[in-house]
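Chains A and B supply the protein sequences, listed in that same order. For the first sequence, my numbering assigns the number 2 to the initial residue and increments by one for each residue that follows. For the second sequence, my numbering assigns the number 7 to the initial residue and increments by one for each residue that follows. First comes the structure, then the notes that go with it.
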Amino acid sequence: MKRFALLAALCTATTAQAAQDTAGLVRFVACPVYRDTDAGRKSGCWLTDDRETGKRWDVTESPYKPDWNFAVLVEGKPSANTAQPCGAPPLDPVRTSRLDIPCTRHMIPAEGFPGRRYTLPRRNIAPASVARPVPPGPYAERTFPVYFEFDKDFLVYQYDDWLIDNAVTWIKAAKPKKLVITGFAATEPETVSGVVLAERPEAAQERAETIAETMRRLLPGLAVETKWEVAAKATDEPEADGLPWQSQRRAEIRAVF
Amino acid sequence: MHFLPQRSLALPLAALVLTLAVGARGGDVPDRWWAPGEGRVLPAVLDYENANGTLRTLTVGGPLKTAGHPFFEPLGKDGRACVTCHQPADAMGLSVESARRQWERTKGKDPLFAAYDGSNCPTLPQAKRESHSLLLDRGLIRIERPWPAKSFNGKPIKPDFTIEVVRDPNGCNSGPNYGPEAGKISVYRRPRPVANMKYLLAVGFPFDPKQGYALPLDPDDGKPQSGNLMADNRAGNLRIQMDDAAATHLQMLKALSPAQRKQLQDFELRIYTAMQVTKAGGAVDSGGAKAGPARLRDSEPGALGSIGEPVWSEFKGWENISADEAAKLTPEQLTFRQSVARGARVFREKMFLITDTAGINSRIGFGNPVRNSCVFCHNMSQMGNDVAPGQVDLGTTTLPFADPWDDLPLFKVTCTGRPHPHYGKVIYTYDPGFGLTSGKCADVGKITLQSMRGLSSRAPYFSNGLAKDLRGVVDYYERRYFIGYTEQEKQDLVNLMSAL
């Protein structure tokens, strides 16, 4: 048993180390540039310039897209796909978080770049009228993460709704005794592009309460408890797409039996 | 007016003149205006003419005896009934034309002009036309909201903004009994149609992506709420809506009884209205088109056009009219049908940049700007309302986007927490809209999208009557978003909307 515990601890340490590994990833703050490509609906391009490297990146694939009036925190991985439909190498996976730093809005023409024709992202939910397949048992305690923009508690469309929809489907089948929702915030300051960034400690509680309210609405009658933690550590949950910073900004839905 | 189960015919002009000439009650031809307590029978199929053709209203399971029915009987002290502001001839809403006609024929005595909300303010001299100018000029009813909002969706709230009155041309936002300091805010809005309700109540997805939560639950039946009933989303179900209306617009001194509520809800779920015949193009369910109220009645509500039946594809059959079919039409009919079909495509396919619009560009993560078309928000098949709760700030009520109005109150909203994502810390608005309900600065100026059916019968448009006609609607969008519609596209959109 002791050996098992040691092994588990080693595994955890390895996992944490992997989760913190930022090699090959980029992270910077920039004012977004909108490239007015037109390949139909939602086909405009979002570009951001990393001031320190001088590189321009295509961040259009972020589930939460920029506002041209505000700076964004960009976190991503250079895509293996070399195509540049927006005129810059894409980051994918990528996240952009709106910061409260004003920017001069800037739009550039398509300049011959086609942009991307919109396709439904992988993480999209079916209409409420469509029955969800019942996930197979056996059912035991399980935790479902949900992820957020920097310093926000707002559910990200076609990301968090999908994560929660999956969690709710499983919980309805598993019938746990209660849910424990824990909100996390990455409160340790870090300097990115010369900007000191730290999430507000309150963000942890806000995330817990936002998810708890949503779970109460989706699963009325099920007991829901909330907790929150600051100084969040990264995890390597797959739905954070290998972006450790994204994994820190989360809430966890733990189904307890 | 026709009570015809078969395809309607154009009403002869003489009959229309006669209809308009008779008094509020009586005369040989049933009046266009449904006065409270008349006791008329509402037929199963009821047609009314308007400038663009024939509106048809279907009462499922009809005809309906209105005598004693709470929708048609005066229930409160001001003599009004629900039907006063939800007229069958006006697509179960109220056109400014009808309001003016009632003013002229009754010398302002119709219960429609009740001091409480049918005048600009109860403190004004009620016999004067100018005291009712907002109703007579733009079809606006006074809506009195409590301030500060104390709860939303059953939860206590503390608003994150303050309100000051910058300008109060009507006296209902200042003085000892009115205004924020008296715990009341008066805004002025168009009545919304009470018809096609299954679409407005339909829930497409479990989440409200604009608010970042799962949909709130109905306090009565525990089911998710659509959020599409009222301009400011203050009532999530019909029971709350009718209680609110009875206590305010009807000035009922006691609550509606359970039996009355049941009758009202039953009726409201049985009424379908839409254009049936266009003057220029003929019946909207002919020549391959599949529009009209019967289709509304028979279709499943709540479908998202982008993944199912495209919005306004009812007119697809008019896109490529065969030579044989064209030979049956007059040149005018053919031209109009082709225009409507083009309008449907323009509505879906003409892309433009949507900018600085809360509910679209924030907080939901589509980005600011985002390229899309009218159907981005008007996305429900058959109806053109929003499948998601439709609280969006088009700017129709809020500066700098709203048109200037010197007869509306102007409020200064100051955000005490996070600034508004597009307006910043301070917002000037004629109507804070959804913000008065949610208490959130980010929701100030948001107005719930509504049905697009029966538009020809109920001008003017937008919640504050900003657009006096359908062209005005298109023109507002053009100047708000620099869409670049051609003159032909504008006319096609007008023709499309006239046929809904």
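We put the CB at the ideal spot given by N, CA and C, even for glycine. Predicted model, so just to flag it, every value in this text is computed and none were measured.
Would you call the segment 267 to 285 of chain B and the segment 67 to 80 of chain B touching, i.e. three or more CB-CB distances under 8 angstroms? Here the segment 267 to 285 of chain B lies against the segment 67 to 80 of chain B, with 3 or more beta-carbon pairs under 8 angstroms apart.
If contact means a Cβ-Cβ distance below 7 angstroms, which residues of the segment 202 to 215 of chain B contact chain A? Here the close residues are V209, G210, F211, P212, F213 and P215.
Answer with buried or exposed for R276/B, where buried requires no fewer than 16 other C-beta atoms within 10 angstroms of its C-beta. One-based indexing of the second sequence puts residue 276/B at position 270. Per the 10 Å Cβ criterion, buried.
Let me know the secondary structure DSSP gives V35/B once reduced to three states. Your numbering for residue 35/B matches position 29 in the second sequence. Coil.
Under a CB-based cut-off of 8 angstroms, is G45/B close to chain A? The residue you call residue 45/B lines up with position 39 of the second sequence. Residue-level contact check: G45/B does not touch chain A, since none of the beta carbons of chain A fall below 8 angstroms from its beta carbon.
Beta-carbon proximity check, K322/B vs G59/B, cutoff 8 angstroms: Position 316 of the second sequence holds residue 322/B. Position 53 of the second sequence holds residue 59/B. The answer is no: Cβ separation not under 8 angstroms.
Which residues mark the beginning and the end of the alpha helix (DSSP H) in which I165/A is found? Locating residue 165/A in the first sequence gives position 164, where the first residue counts as 1. Counting along the chain, the alpha helix (DSSP H) containing I165/A begins and ends at D161 to A175.
Cβ of S379/B within 8 angstroms of any chain A Cβ: Here residue 379/B corresponds to residue number 373 of the second sequence, with the count starting at 1. Yes - at least one Cβ of chain A is within 8 angstroms of the one on S379/B.
So, at 7 angstroms on beta carbons, what are the nonlocal neighbours of F158/B in its own chain, with the 5 sequence-adjacent residues on each side left out? Residue mapping note: residue 158/B aligns to position 152 of the second sequence, counting from 1. Cβ neighbours of F158/B beyond the five flanking positions: T443, S444 and G445.
Presumed contact (8 angstroms Cβ cut-off) between W229/A and T183/A, rounded CB distance: For the purposes of this step, residue 229/A is taken as residue 228 along the first sequence, with counting starting at 1. For the purposes of this step, residue 183/A is taken as residue 182 along the first sequence, with counting starting at 1. The pair is a contact, with the Cβ atoms about 6 angstroms apart (cut-off 8 angstroms).
Given a threshold of 16 other Cβ atoms within 10 Å of its Cβ, counted over all protein chains shown, does M258/B qualify as buried or as exposed? Counting from one through the second sequence, the residue named residue 258/B turns up at place 252. That one is buried.
Does the beta carbon of R369/B sit closer than 8 angstroms to a beta carbon anywhere in chain A? Residue numbering aside, residue 369/B sits at position 363 when the second sequence is read from its first letter. Yes, R369/B counts as interfacial toward chain A.
Along the beta strand (DSSP E) that carries N378/B, what are the first and last residues, could you check? Position 372 of the second sequence, counting from 1, holds the residue named residue 378/B. Run containing N378/B: V376 to N378, per the beta strand (DSSP E) assignment.
Report the three-state DSSP secondary structure of Q93/B (helix, strand or coil). Counting from one through the second sequence, the residue named residue 93/B turns up at place 87. When DSSP states are grouped into helix, strand and coil, Q93/B belongs to the strand group.
Going by C-alpha to C-alpha distance, which of A237/B, E325/B, F213/B and G298/B sits closest to F440/B? Position 434 of the second sequence, counted from the start, is the residue given in the question as residue 440/B. Closest option to F440/B, Cα to Cα, is A237/B.
Quick one: is M357/B near chain A, going by C-beta distance under 8 angstroms? For the purposes of this step, residue 357/B is identified with residue 351 of the second sequence, where counting begins at 1. With respect to chain A, the C-beta atom of M357/B has a partner C-beta closer than 8 angstroms.
Tell me whether L7/A sits in a helix, a strand or coil according to DSSP, three-state version. As a working mapping, residue 7/A is identified with position 6 in the first sequence. The predicted model places L7/A with a pLDDT of 39, which falls under 50 and marks its position as unreliable; any figure quoted below should be read in that light. Shown here, L7/A sits in a helix according to DSSP, grouped into three states.
Could you pull the DSSP bridge partners for D37/A from this structure? As a working note, residue 37/A is residue 36 in the first sequence. Paired residue(s): P110/A.
I182/A: first and last residue of the uninterrupted beta strand (DSSP E) it sits in: Residue 182/A sits at position 181 when you count from the first residue of the first sequence. Counting along the chain, the beta strand (DSSP E) containing I182/A begins and ends at K179 to F185.
Over the uninterrupted alpha helix (DSSP H) stretch that includes V346/B, give me the two end residues. If you number the second sequence from 1, residue 346/B lands on position 340. Note, V346/B: alpha helix (DSSP H), P337 to E355.
Between the segment 222 to 235 of chain B and chain A, which residues of the former have a C-beta closer than 9 angstroms to a C-beta of the latter? If the cut-off is 9 angstroms between Cβ atoms, the segment 222 to 235 of chain B has P222, L223, G228 and P230 near chain A.
The alpha helix (DSSP H) that contains V196/A, what's its start and end? Translated into positions along the first sequence, residue 196/A becomes position 195. For V196/A, no alpha helix (DSSP H) run applies; the uninterrupted beta strand (DSSP E) run containing it begins and ends at V196 to L198, by DSSP.
Specify, as a first and last residue, the run of the beta strand (DSSP E) that E191/A falls within. Position 190 of the first sequence holds residue 191/A. Note, E191/A: beta strand (DSSP E), E191 to V193.
Residues of the segment 159 to 170 of chain A whose Cβ lies closer than 9 angstroms to any Cβ of chain B, in chain order: Residues passing the 9 angstroms Cβ filter: Q159, Y160, D161, D162, I165, D166 and V169.
Leaving aside the five residues before and after L142/B along the sequence, list all residues of the same chain whose C-beta is less than 8 angstroms from its C-beta, in chain order. Against the second sequence, residue 142/B aligns to sequence position 136. V102, A105, R106, W109 and R135.
Here's the rule I'm using: 16 or more other beta-carbon atoms within 10 Å means buried, otherwise exposed. How should D392/B be labelled? As a working note, residue 392/B is residue 386 in the second sequence. Counting Cβ neighbours within 10 Å, D392/B comes out buried, since at least 16 surround it.
Cutoff 7 angstroms; reference A97/B; Cβ partners in own chain excluding five residues on either side: Looking up residue 97/B in the second sequence gives position 91. Shown here for A97/B: same chain residues with a beta carbon closer than 7 angstroms to its own, the five before and five after excluded, namely L61, P199, A201, T279, R459, G460, S463 and R464 in chain order.
Would you say G373/B reaches chain A, if we count a Cβ-Cβ gap shorter than 8 angstroms as a contact? Here the question's residue 373/B lines up with position 367 in the second sequence. Closer than 8 angstroms: yes.
Using a Cβ cut-off of 8 angstroms (strictly closer), state whether Y219/B contacts chain A. The sequence position of residue 219/B within the second sequence is 213, counting from 1. For Y219/B, the closest Cβ of chain A is nearer than 8 angstroms.
In the DSSP assignment, find the unbroken alpha helix (DSSP H) run with Y194/B in it and report its ends. On the second sequence, position 188 is the one that residue 194/B refers to. Looking at the DSSP string, Y194/B is not in any alpha helix (DSSP H); the run it does join, the beta strand (DSSP E), is K190 to R195.
With 16 other CB atoms within 10 Å as the buried threshold, where does F488/B fall? Along the second sequence, read from residue 1 onward, the residue named residue 488/B stands at position 482. So F488/B counts as exposed.
Nearest residue (CA-CA) to S305/B, options S387/B, D227/B, A364/B and K356/B: Position 299 of the second sequence, counted from the first residue, corresponds to residue 305/B. Looking at the Cα atoms, S387/B is the closest of the given residues.
Please confirm if the segment 113 to 132 of chain A is in contact with the segment 161 to 172 of chain A, defined as three or more CB-CB distances below 8 angstroms between the two stretches. Segment contact: the segment 113 to 132 of chain A against the segment 161 to 172 of chain A, three or more CB-CB distances shorter than 8 angstroms; contact assigned.
3-residue-minimum beta strand (DSSP E) runs that sit fully inside the segment 204 to 231 of chain A, ordered along the chain: Listed in chain order, the beta strand (DSSP E) runs fully inside the segment 204 to 231 of chain A are 224 to 230, counting runs of at least 3 residues.
What separation, rounded to the nearest whole angstrom, lies between the Cα atoms of K178/A and I172/A? Working through the first sequence from its first residue, we reach residue 178/A at position 177. Working through the first sequence from its first residue, we reach residue 172/A at position 171. Distance between the alpha carbons of K178/A and I172/A: 10 angstroms.
Assumed close pair N470/B, Y436/B - CB separation to whole angstroms, cut-off 8 angstroms: Within the second sequence, the letter at position 464 stands for residue 470/B. Within the second sequence, the letter at position 430 stands for residue 436/B. The Cβ separation is near 6 angstroms, so the contact holds.
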